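Working notes, structure below.
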């Protein structure tokens, strides 16, 4: 289910920022690779990303109505209850009676374009993403109202995006610019009067190392670029390209799988040392002074994989607390691209804490009040043996199926 959901990625068209050639890419791609000028460009934008459905007719009376795209994995956690669901839907981002509840299959069947702020007058969205998500997530929690209050819903998503549906204004109605169907708005709502040009902007930057000017090693889905010239790891998710500290777990293997190693400041529960984790898991009655002095790091895969495998790997590597080396050269490694950002990894820390404490009374309520803030992050590369069907890590006797990893990751 996860694999199929990830394969249904929307296609987007845009002109190459370097040579102007028409490019077609997937919505989650952060790197535009041009086959004509051979330049890789990083896409930068203020959240959320904004796309427009294609339309054949144009006119001064056109407006673009925003819909939230809700795409990701939701973890519903309560005492002795752990549910994982994939979400992929859309909901109106404006409070207006009469609009269709969702965009349906249109974005999957059509090639989208990036919102043009100089031409397309849009309705400002006045419904927060969190409100829409809360409405959708309530449908996943069964039981009494009290049980719903005790459950914690944690949403992990690679990106937020607004999809604009084009309409023509016609009195107190809207005409779908794609199908021609008429939508009559309730209570004489005149939403078209608030349509305006937005100040949102999208930018592109050549994918080169900010330190030495060398081309970064990337794939279209990479969130991190590798400079094999100056041995630097670069975060590509922000306009200002910054380096990320890196590490390597010594061992044998043909392919390195990347992990985020995160140190967190957690408010609501004491989890700062390895001894705290041992006590929380109740895996040993004796906690040595060395355990209390050892810093606790949470390990989360930095590549996309089925949620069950993602959580299993995160928990096993967090418990293992592997030793890390820092003197190594990236150009000597073969590795999977980094496709899961550290903000998502930070969210998965709460999921791990909930999974570790699934038998604790009121665990859902505790997670709601939990605050997790990253104080230190590093990318750690762990060597795995590669077979035709899986990746193996013998020191911990674990494996990851190739089919569980997102295509293209």
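Residue numbers (the numbering used here): 494 to 902.
C-beta: ideal position from N, C-alpha, C; glycine also.
None of these values were measured; they are calculated from a predicted model.
- With a contact defined as Cβ atoms closer than 8 Å, residue 620 and residue 588 qualify at about 6 Å.
- Straight through space, the alpha carbons of residue 747 and residue 586 are spaced by roughly 47 Å.
- Within the same chain, 738, 740, 754 come within 6 Å of residue 871 by CB-CB distance, once the 5 residues on both sides are set aside.
- In the three-state DSSP reduction, residue 835 falls in the helix class (H, G or I).
- Annotation for residue 745: 876, 878 place their beta carbon closer than 8 Å to its own, counting only its chain and skipping 5 residues before and after.
- Excluding five sequence positions before and after residue 719, the CB atoms of its chain that fall closer than 7 Å to its own CB belong to 709, 710, 726, 823, given in chain order.
- If you compare the alpha carbons of 542, 769, 893 with that of residue 749, the shortest gap goes to 893.
- Boundaries of the alpha helix (DSSP H) around residue 861: 856-861.
- Approximately 7 Å separates the beta-carbon atoms of residue 543 and residue 654; this is inside 8 Å, confirming the contact.
- The shortest CA-to-CA distance from residue 889 to any of 882, 805, 864, 832 is the one to 805.
- When Cβ pairs closer than 8 Å are counted between the two stretches, the stretch 656-673 is seen to touch the stretch 590-603, the count reaching three or more.
- Straight through space, the alpha carbons of residue 618 and residue 551 are spaced by roughly 22 Å.
- Going by C-alpha positions, residue 779 is about 44 Å away from residue 731.
- Bounds of any alpha helix (DSSP H) do not take in residue 522, whose DSSP letter is neither H nor E.
- In terms of Cα proximity to residue 579, the closest of 564, 864, 570 is 564.
- Our two residues, residue 521 and residue 689, have alpha carbons roughly 27 Å apart in a direct line.
- The alpha-carbon of residue 841 is positioned some 7 Å away from that of residue 793.
- Between the C-alpha atoms of residue 530 and residue 767 there is a straight-line separation of about 51 Å.
- Taking 8 Å as the cut-off, the beta carbon of residue 834 is found closer than this to the beta carbon of residue 716.
- Beta-bridge partners of residue 817 (DSSP): none assigned.
- Following the DSSP letters along the chain, one finds residue 784 inside the alpha helix (DSSP H) bounded by residues 782-786.
- Nearest C-alpha to residue 857 among 510, 584, 846: 846.
- The residues 889, 891, in chain order, have a CB closer than 7 Å to that of residue 809 in the same chain once the five nearest residues on each side in sequence are set aside.
- Pairing residue 669 with residue 676 gives a Cβ-Cβ distance under 8 Å.
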